[in-house]
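Q: Got a structure for you, written out below as structure tokens; questions coming shortly.
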Amino acid sequence: MGMMSREKSRRRPAMAVLLAVLLVLALAGCGGVGTGAQTEEDKVVAVCSSMNRDLSRALTDDFANRTGIIVEFEPLASQGLIQRLDALSRSTVDVWMGGTAEEYYRAGERKMLVPYHPVAAANIPPEYQDREGQWTPLSIDRIALLSNRNVTDRLHVRPPETWIELLQPVLHKETVMAVPEAGGASYGMITTLWQLRGRDKALQYAGLFRTQEPVYVPTDSKAAYAVFRGDKAVAVLPLRHARMLEKEHRFLNAVAVKDGNKNLITAAAILQRGKHRKAAERFMEYLLSPEAGRIMLDYGFTPLTGALDRQDRTVKDRMPVCNDDLRWAATEKQNIIKTWLNAM
-1 MGMMSREKSR RRPAMAVLLA VLLVLALAGC GGVGTGAQTE EDKVVAVCSS MNRDLSRALT
59 DDFANRTGII VEFEPLASQG LIQRLDALSR STVDVWMGGT AEEYYRAGER KMLVPYHPVA
119 AANIPPEYQD REGQWTPLSI DRIALLSNRN VTDRLHVRPP ETWIELLQPV LHKETVMAVP
179 EAGGASYGMI TTLWQLRGRD KALQYAGLFR TQEPVYVPTD SKAAYAVFRG DKAVAVLPLR
239 HARMLEKEHR FLNAVAVKDG NKNLITAAAI LQRGKHRKAA ERFMEYLLSP EAGRIMLDYG
299 FTPLTGALDR QDRTVKDRMP VCNDDLRWAA TEKQNIIKTW LNAM
């Protein structure tokens, strides 16, 4: 009996050590996306966005509700790329979402981004990804032409579906688009034609398009509004934006440009000066989750995780789509735009 008591007393310290080790391991394993103990730096993440404000709020609110992490959200002010990058380089924001591939390329050149590879990024086709993983693509779009049927009927012309059709004499002064400096569909038009047709043929088209006297406005929204009002016949827009307007107004017609298009990529990245790295990584993982994908679909975005939208596959199969040389498109942007606008 005495021997058994001494043996039990020897086991108690060993059991206490084992329990302590198991407790430490359990606490260490609680850093998943869902629940668990969090350190102070895991409890907050600062996010800025150049995406639709309502969509950005929906994503950040859903992430906060699922993880318990407080999201400090701020929309990015509308300004030129250099000014935006200068502001972000001084900011302590953790995650920037909603920029274009060209914008993130320039930010990467300035050493502003932290490479990170979300697990679900393995499901994204490689042609849409940054090789160094400095930014993560979230959704894809195309360039569209949005036409006002009332105006095109009055002009006795069908709604244009190609770049060539924009050169019809009857559409003189009838095309509106955002300034190319704004990026997106307007700048995409230039880089698409340049890369698919070559410099000489693209600038030949640019000279003819210039004689059409297209109107340049500050944003896609202003271009769309001009067509909605009937002030102009056709606008160059992102396909997502154009289709949403077509759905709401039966007199509008939206079509992806058929004789040359591109991948309009919306992405996200972790910023170097951010103070909440672990929470930022969890937010990046969330952005590629099925839950975030469903929210993006509700707002008309096509998430890139998993299989691409069947409609997007169909669009890509029936039209030439260029694969961007981001180094050229991003670093030579001002020269490209100047050359295009001054083409004779």
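Heads up: the sequence shown begins at -1 in this note's numbering, then just goes up one per residue. Ideal placement from N, C-alpha and C gives every residue a C-beta, glycine not left out.
Which runs of the beta strand (DSSP E), 3 residues or longer, sit entirely within the region 67 to 108?
A: Taking only runs of at least 3 residues, the beta strand (DSSP E) segments lying wholly in the region 67 to 108 are 68 to 73 and 93 to 98.
Q: Is the separation between the beta-carbon of Val43 and that of Ala277 shorter than 8 Å?
A: yes
Q: What residue range is occupied by the uninterrupted beta strand (DSSP E) comprising Ser137?
A: Thr134 to Asp139
Q: Just the C-alpha distance for Lys220 and Lys230, rounded to the nearest angstrom, thanks.
A: Near 11 Å, if we compare the C-alpha coordinates of Lys230 and Lys220.
Q: Taking the beta carbon of Ile67 as the centre, do at least 16 other beta carbons fall within 10 Å, making it buried, or is it exposed?
A: If you draw a 10 Å sphere on the C-beta of Ile67, you find 16 or more other C-beta atoms in it, and that means buried.
Q: Provide the residue(s) that pair with Val177 in DSSP beta bridges, ordered along the chain.
A: In DSSP, Val177 forms no bridge with anything.
Q: Which residues in the same chain have their Cβ closer than 8 Å to the Cβ of Val295, if we skip the five residues on either side of it in sequence?
A: The sequence shown places Leu at residue 295, not Val. Only Pro301 meet the Cβ criterion.
Q: For Asn321, which of Pro157, Thr189 and Tyr114 has the nearest alpha-carbon?
A: Thr189
Q: Here's a check: name, in chain order, each residue in its chain whose Cβ is nearer than 6 Å to the Cβ of Leu111, leaving out the five neighbours to either side.
A: Ala105, Gln132 and Ala267
Q: Straight-line CA distance for Ile80 to Pro157?
A: 36 Å
Q: When you compare only the Cα positions, how much space is there between Leu285 and His170?
A: 43 Å
Q: Would you call Pro123 buried or exposed, if buried means 16 or more other Cβ atoms sit within 10 Å of its Cβ?
A: exposed
Q: Where does Lys331 sit, in a helix, a strand or coil, going by DSSP?
A: For Lys331, the secondary structure class from DSSP, reduced to helix, strand or coil, is helix.
Q: Closest by CA to Arg280, which one among Asn50, Ile141 and Asp60?
A: Looking at the Cα atoms, Asp60 is the closest of the given residues.
Q: For Asp52, which residues of its own chain have a beta-carbon under 6 Å away from its beta-carbon, when the five flanking residues on both sides are left out?
A: none
Q: Can you give me the C-alpha to C-alpha distance between Pro73 and Cys46, rounded to a whole angstrom?
A: 5 Å
Q: Under three-state DSSP, which class holds Thr160?
A: Here Thr160 sits in coil by DSSP.
Q: Measuring CA to CA, which of Ala120, His115 and Asp128 is closest to Glu103?
A: The sequence shown places Tyr at residue 103, not Glu. Checking every option, the nearest Cα to that of Tyr103 belongs to Asp128.
Q: Going by DSSP, name the residue or residues bridged to Ser287.
A: Under DSSP, Ser287 takes part in no beta bridge, so it has no partner.
Q: Under 8 Å between the Cβ atoms of Gly272 and Asp84?
A: no
Q: Between the region 169 to 184 and the region 197 to 216, are three or more C-beta pairs nearer than 8 Å?
A: With a cut-off of 8 Å, the region 197 to 216 and the region 169 to 184 count as touching, because enough Cβ pairs lie within range.
Q: Rounded to whole angstroms, how far is the Cβ of Gly96 from the Cβ of Ser48, which I believe are closer than 8 Å?
A: 4 Å
Q: I'd like to know whether the C-beta atoms of Arg82 and Asn251 end up nearer to each other than 8 Å.
A: Annotated as distal: Arg82 and Asn251, with beta-carbon spacing of 8 Å or more.
Q: Near Leu235, which residues of its chain fall below 7 Å by C-beta distance, leaving aside the five closest residues on each side in sequence?
A: Ala142, Leu144, Ala183, Asp218, Ala221 and Ala222
Q: Please work out which residues of its chain come closer than 6 Å, Cβ to Cβ, to Tyr185, disregarding the five sequence neighbours upstream and downstream, and give them in chain order.
A: Pro178
Q: To the nearest angstrom, report how far apart Val168 and Val253 are at their CA atoms.
A: 20 Å
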